[in-house]
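This report concerns only the one structure given below.
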Amino acid sequence: MVAMVPSKAALIRKSIDLWQTDAEKRMREKLEALRLTNAENEVRDKARIAAVGAPAPAARQLERQAAERKILKAARAAGQL
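Per the working numbering, residue 66 is the first one in the sequence shown, and the count goes up by one each step.
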């Protein structure tokens, strides 16, 4: 019997598939970590606003700063910064 030896092209395709799967897994992990970080920031910001008893304009400023941090983190995670 002749043993089936995968062709070089088949090995390359399999290698690429494994690399893509691994890259997708890492990206999902990064996105999940980003979601957790964003949730922690939101809770901390809301607690800070509640503790300070900030008037409406200051509270809006804190919320705007939190939103800006989220946008920057998302851009960094996506490799745009």
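Every residue gets a Cβ at the ideal spot worked out from N, C-alpha and C, and that includes glycine.
Quick caveat: nothing in here was measured; it's all calculated off a predicted structure.
Counting only unbroken stretches of 3 or more residues, no beta strand (DSSP E) element lies wholly within the segment 78-120. The three-state reading of DSSP puts Gln-130 in helix, counting H, G and I together. DSSP places Ala-143 in the coil class of the three-state scheme, outside both helix and strand.
Contact between Thr-102 and Lys-138 holds, with the beta-carbon distance rounding to 7 angstroms and staying under 8 angstroms.
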